[in-house]
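Numbering (mature numbering (1 follows the signal peptide of the UniProt record, and there is no 0)), first residue to last: -19 to -1, 1 to 286.
All remarks here apply to the structure that follows.
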Amino acid sequence: MKRILLSTSVLILSFGAFSQTLCPTQFLRNNGNSGPCASHIRLYFASCPSSVPTLDSIKINGVLQPETYSLIAQTCHGNNDYVDYCVSDNNLPPAGQITVFLTYPGAAGGNSTSVICNVVEAGPAPVILTGFSAQRNNKNDVDITWQTAQEINSSTFEIERSYDNISFEKIGSVKAAGNASISRSYSFTDNSNNSKKTSLYRIKMIDIDGSFAYSQTKSVKGSNVTTDFLIYPNPGYANSKITISQLNGPAIIKFFDLSGRVVKTVSLENSNSTEISDLQKGSYFVQITEKNSGITQVRKLSVIN
């Protein structure tokens, strides 16, 4: 997204003109950064700080944010100096201006220096997102809706899903308006989410020039509808295959003998059938676990000659 350098306003100048050099000139926020942490905030400076400040806290519209911040790295290019901080979660709200509380370490034996600065975002947001929700409406379907108040050179909205808030996958996309100064509404249905786990969704807002930003994440509870796995034929023949019905995606199949010992493990990726020619005649417990949904069930299988 194209960025325009804007000035900063210092909220507290208790150290006189010297504190002007301690305040950032602008900031960039990226929820869902693919770098060393899930989310980060970058503070730009007119000149590279001689000592790296601790980012103690952030206020947005006068409200203290609950996140904590840790240093990633300082980068000095002469005319593009910034410090990157990792954010404890990826839900730092979007804002055109934030208030940052910074502490600079003192020299050996000296006192530290604290400043409070109002810092503006590095440029106008090409997309202003005014609403975003994700709600499950049945076993498989999750409805995702979002609204924008402004779009400048917007290209596409990509919908991403995660089960661990670390690895996100693209599950669909919706064409953006391009340029709009009026409110617009969008929707997308994820019709392949039968996971019993909590799912996380976010919107990747992509500009025409390829730059992008992420929305906040929204969580959706897992499906409470059970699946009934069936094994057939049962009894099964020792020199044949068995098939497991009602599987939805990849699965791990474990065979236990009556003593509880695992005698066979199979990973099913693109099939719902497996050989049992290596099993002896007898009875087994079969544990079936879908990889995507986490659903696990146990069935009894008899193997005959």
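A virtual CB, placed ideally from N, CA and C, is assigned to each residue, including glycine.
Which of helix, strand or coil DSSP assigns to residue i
| i | result |
| --- | --- |
| L73 | coil |
| L228 | coil |
| L239 | coil |
| L260 | coil |
| I(-8) | Only weak support is given to the placement of I(-8): the predicted model assigns it a pLDDT of 40, under 50, and the question is left unresolved by the model. |
Rounded straight-line distance, which links the Cα of residue j to that of residue i
| i | j | result |
| --- | --- | --- |
| I97 | L83 | 6 angstroms |
| Q46 | S173 | 34 angstroms |
| S168 | F26 | 39 angstroms |
| I147 | N220 | 43 angstroms |
| Y265 | K235 | 10 angstroms |
| Q278 | E271 | 9 angstroms |
| E48 | R23 | 15 angstroms |
| K151 | Y182 | 10 angstroms |
| G217 | F193 | 54 angstroms |
| I109 | M186 | 10 angstroms |
| N11 | H21 | 6 angstroms |
| Q128 | F237 | 51 angstroms |
| V123 | K178 | 13 angstroms |
| F149 | I269 | 25 angstroms |
| T35 | Q55 | 12 angstroms |
| A157 | S135 | 6 angstroms |
| K120 | S162 | 37 angstroms |
Proximity of residue i and residue j at Cβ, strictly below 8 angstroms
| i | j | result |
| --- | --- | --- |
| V253 | I225 | Before going on, a small fix: residue 253 reads as Asn here, not Val. For N253 and I225, yes; Cβs fall inside 8 angstroms. |
| T137 | S164 | no |
| residue 350 | N72 | Past the edges of the chain, shown from -19 to 286, lies residue 350, and the structure says nothing about it. |
| S176 | N273 | yes |
| I53 | D65 | yes |
| A76 | I41 | yes |
| S102 | Q78 | Note on residue identity: the sequence assigns Glu, not Ser, to residue 102. Contact flag set, yes. |
| V68 | Q7 | no |
| I223 | I189 | no |
Delimiting residues of the beta strand (DSSP E) encompassing residue i
| i | result |
| --- | --- |
| F210 | Neither: F210 is in no beta strand (DSSP E) and is coded neither H nor E. |
| F193 | F193 to Y195 |
| E141 | S135 to S143 |
| I187 | S180 to D188 |
| C29 | That residue, C29, is in no beta strand (DSSP E); it is neither H nor E in DSSP. |
| Q55 | Y50 to T56 |
| E102 | Unbroken run through E102: none, as it is neither H nor E. |
Inter-residue CB distance, residue i and residue j (contact presumed, cutoff 8 angstroms)
| i | j | result |
| --- | --- | --- |
| V267 | I212 | 6 angstroms |
| S180 | F113 | So it is not a contact: roughly 15 angstroms between Cβ atoms. |
| S260 | V284 | The residue asked about is misnamed: residue 260 is Leu in this sequence, not Ser. So it is a contact: roughly 5 angstroms between Cβ atoms. |
| V44 | Q116 | Actually they do not touch by this definition, with Cβ atoms about 26 angstroms apart. |
| S28 | D62 | 6 angstroms |
Check: residue i C-beta below 7 angstroms from any heavy atom of the ligand GTP
| i | result |
| --- | --- |
| V279 | This structure lacks the ligand GTP, and indeed carries no ligand of any kind. |
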